[in-house]
Every structure is written in structure tokens, then in C-alpha cells.
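Residue numbers (the working numbering), protein chains in the order written: chain G, 1 to 204; chain B, 1001 to 1204. Don't be surprised by glycine CBs; every beta carbon is placed ideally from N, CA and C. As the structure is a computational prediction, the values presented were derived from the model and not from experiment. Note sheet for the following structure.
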DNA sequence: AGTGCCGGATGACAGATGTCATACGACGAA
DNA sequence: TTCGTCGTATGACATCTGTCATCCGGCACT
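This is how it looks when you write it as C-alpha cells:
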């Protein structure tokens, strides 16, 4: 090994973040040179520390790990990207790969896979759970249009049609139409089920 | 120190669990002697390994960390209990304390607090984030009756009144009444908002 | 014995939600 | 150029949801 691998760790829960750092710290060839708790701090930190690999949680304040991955991929194309998440939503996998991620790990995989993934992506390999990859392919693409997604996302918290219309600068009827088509496309019976299902599939 | 502190770690996401184990492993006086990924395995493991402290995540399959804490507290009253969770829901804090927990930590607290909490509970202290404690007291008790809670919980996924009625062996009208009173008690405008709010406060 | 709350139920009503047909302009593919 | 799709909108209609008044039996507290 010519030099240690410099890793950036992005995860909002400090206990988990520092625990992962401790875990990676046990590896001789890996060094965690930077830690951030927000998605919108990833790019600057990656640049400042000249990291080799960025390890990104998806759920973060400021910006999701996937958005951060896209930023880094564009600005620093040599930095390898590992996306780490709680949920194996196939939809997440798809968008993460489109954002330029080199690896996609779920947090309930064994911890040993983490260091292994770091080494593999640096060697130019891609690391994806085969089960998840199959699920992502089987599931097919997001059937919702941009607007349908937007409206459904806004409706998740229980807002009424009137509120949604105001928030999105649409007429109430249009809001109802979008929700109605979304409900039909997802083959469910109301907006709450539609939101649940779409969220679960990573389509929101 | 007469002997090392024997710790049981219960957390379903293996990567996080093993990372926390690595973190605690860095402490000279602490030894992680058992790890489980399910709430319903906690008691047996605690008994088998004669642990001093059990570190329990709340969200786990099989049984929540709080339910597991209650079990252990009853069966092995000398075992100290640390409840660890993603969300600082004051409602969780309340029920955790009622279940006999000695410490309540949120995962976005600094990692150093974890080892510190383990030592403190063993010394007979209780460890609670003061901000959370204040919030729990300010918030007051759960205003919902048992049935209202049950119906609201069942309604979360978008089930219709008819489905809820069938599932809970009630009439449709009764379901509507419970949801209606819950909505009023929580001062919101529909079941979705009610579910969101109650969930957030740890009242479900 | 009376008061009040909880679980359970009914019926009536207003308002919100979901469906459907229909329309128009913009745009991209054939 | 024509066809299909998307975004946007309206109106009519059926159904679902939320509110309210009212009722009953059980139970706890005074």
C-alpha cells in the first residue's frame, strides 16, 4: 500500500458517525480525515481534505447524500462515492447510481463490508447488493410524472387540497387530478396509501 | 476498577451495531460481551452473559427496546438499562423511564456520551438529556384514550373507515367518532395530520 | 344514588376527496 | 404533420370523511 486511503464520512447522527469512524479507524490502510453532519457540507470538505472516498448517508439535513454525491461527482470526478443508507429502497439505488455512486450499502449489512467496499471502489470496482440490484430492475421505473410526484410529496403531511393548491400555485381541481392519476397509477385507493407506497419504492 | 464492565448491545442494523461495538471496544474498562439484533433476544442474552449494562435501541424487530427493557428490569433488576434511539420523542422518554430505563440517549448526541452513560448508570446515576426531560414535562401526558390510539395507529397507512372497522371489529361510525375526537384533541384537521403529530410526540 | 368518563353505536349533515369527461397549448417523436 | 404526453384547468358527480347530537351499558369515584 503506497499510502492510506483518505475517507470523508457524512452522516447526521453523531453517535453513528463517530462509531463508524471508530470502526474504519481499526483498519490500517484507511484514515477518516473528515466528518460532516450535513449534506451541503460534503463538497467543501471533500475538496479541502483531498479525500479518496466519500461515504455518504442518504438521510441528512441540508441536502441528501444522493444530491451531495451528484455534486461531488461533477466537481471532483476522481473521488469515489459510497452511498450508505438505512433503507434498501430500490428507488434510492437507482437514483444513487444515476448520481454517480460507485457503491450502495445498506446499514444492516455486516460492518466488514464497509471497509471492503471502500477498498473495492478505490480499485475501480462497483459494489452493489445483488438482491437489491435485482429488486431495482424488477420494480421498473417510476410511473409518476414530475408534477404528480411533487403534489404527492406535498400531500404527505395531511395538507388539504386548498393548501396544496396555494403552496404549488395550482387550482384545486388540478391538484385533485394529479392525486387522482397518481392514485390510479399506483393502484391504491387514496392519497395516503399512494404516498406510503411511493415513499417505500423510493419514487418520491 | 475491579473488572471490566460487561455490556450487551441490542440494535438491528448490523453496521451500526458493530460500529458501536468498535467504539465501546476502544474503552479499557468496557467490554461488549453480547450483541443481538432483535428485541425478543435481549433477555436471554442478558441472562446468559451476566451483563452489567444493556444498551438498547428502540426500533427493533420482534420487540421494541422499551418492551425489552421492561422485561429485563423485571427479570434481572440489577442490570442497568440504557435506551438509545434515533428520535428524541419525549413520549419515548416517558415510557422508557416507566419501563425502568436508567439512561436515555439520542443517537445524535456525541459518541463520547455513550461510554460515559454506561459508567454513570453503573455508578447508580440516571442519565437524561436535560432538554429532552424539559420537553417531556412541558408536553404533558398523552391525551388519547386507548381506543383512539389504536384506531389512529391502524389508520396511519391510509386504510379506509370500512377497512378499519373490519380490522378492529367496530362499526364504521364508531371508527369515525374515534378519529374525530382524536383529531379534535390534537387540534389538527384530518387523520393524516393527527397520525403525524401523535407519532412525533411518541403518543402512538 | 348520582356524576362523569370510556367503549360502543346510530343518524343526519356539510365539506373534502376521488373520478370522469373534456378542453387547450406546448413539446417531442414518428 | 400528426400523434401522444405533459401540465393545466373546469364542471359534474359519487363517495368518503369529519362533526354533532344522542343514546346505551359499565365502571369508578363521591
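Whole runs of the alpha helix (DSSP H) within the region 85 to 144 of chain G, excluding any shorter than 4 residues: 90 to 98, 112 to 122, 130 to 139
Interface residues of chain B facing residue 82 (chain G) [CB-CB closer than 8 Å]: Those within 8 Å of residue 82 (chain G) in chain B number zero; the least Cβ separation is about 12 Å.
Contact set between the region 1098 to 1115 of chain B and chain G, restricted to residues whose Cβ is under 9 Å from the partner: 1105, 1106, 1107, 1108, 1109, 1110, 1111, 1112, 1113, 1114
Cβ pair residue 1208 (chain B), residue 1164 (chain B) closer than 8 Å: No answer is possible for residue 1208 (chain B): the residues shown for chain B start at 1001 and end at 1204.
Cβ of residue 1168 (chain B) within 8 Å of any chain G Cβ: no
Cβ-Cβ distance between residue 148 (chain G) and residue 195 (chain G) below 8 Å: Contact: no.
Residues, ordered as in the chain, of the region 1004 to 1036 of chain B that lie near chain G by beta-carbon distance below 9 Å: 1012, 1013, 1014, 1015, 1016, 1017, 1018, 1019, 1020, 1021, 1022, 1023, 1024, 1025, 1026
Residue 85 (chain G) beta carbon less than 8 Å from that of residue 107 (chain G): yes
CB-CB length for residue 1074 (chain B) against residue 1052 (chain B), believed under 8 Å: Wrong, their Cβ atoms sit about 18 Å apart, outside the cutoff.
Simplified DSSP state of residue 1146 (chain B), which is helix, strand or coil: helix
Residue 125 (chain G), buried or exposed, once every other Cβ within 10 Å from all chains shown has been counted against 16: exposed
Interface flag, residue 1150 (chain B) vs chain G, CB-CB below 8 Å: With 8 Å as the cut-off, residue 1150 (chain B) does not count as an interface residue toward chain G.
Coarse secondary structure for residue 1033 (chain B), derived from DSSP in three states: When secondary structure is reduced to three states using DSSP, residue 1033 (chain B) falls in the strand class.
Cβ neighbours of residue 1121 (chain B) in the same chain (closer than 7 Å, five flanking residues each side left out): 1053, 1080, 1082, 1102, 1103, 1127
Reduced DSSP category for residue 1028 (chain B) - H, G, I as helix; E, B as strand; rest coil: coil
Rounded straight-line distance, which links the Cα of residue 77 (chain G) to that of residue 7 (chain G): Cα-Cα distance, rounded: 15 Å.
Under 8 Å between C-beta atoms of residue 1024 (chain B) and residue 1011 (chain B): no
The region 168 to 193 of chain G: positions lying closer than 8 Å to chain B by Cβ: 188, 189, 190, 191, 192, 193
Beta-carbon gap between residue 1017 (chain B) and residue 1026 (chain B) smaller than 8 Å: no
is_contact[residue 64 (chain G), chain B] using C-beta, thresh 8 Å: no
Cut-off 7 Å between Cβ atoms - residues of its own chain near residue 58 (chain G), not counting five sequence neighbours on either side: Cβ neighbours of residue 58 (chain G) beyond the five flanking positions: 64, 65, 66, 83, 85, 92.
Boundaries (first-last residue) of the beta strand (DSSP E) holding residue 56 (chain G): Counting along the chain, the beta strand (DSSP E) containing residue 56 (chain G) begins and ends at 53 to 57.
Member of B:1168, B:1123, B:1090, B:1176 whose CA lies at the smallest distance from the CA of residue 1005 (chain B): B:1123
Delimiting residues of the beta strand (DSSP E) encompassing residue 201 (chain G): Neither: residue 201 (chain G) is in no beta strand (DSSP E) and is coded neither H nor E.
Cross-chain neighbours of residue 129 (chain G) in chain B, by beta carbon under 7 Å: Here the premise fails: no neighbours, minimum Cβ distance about 12 Å.
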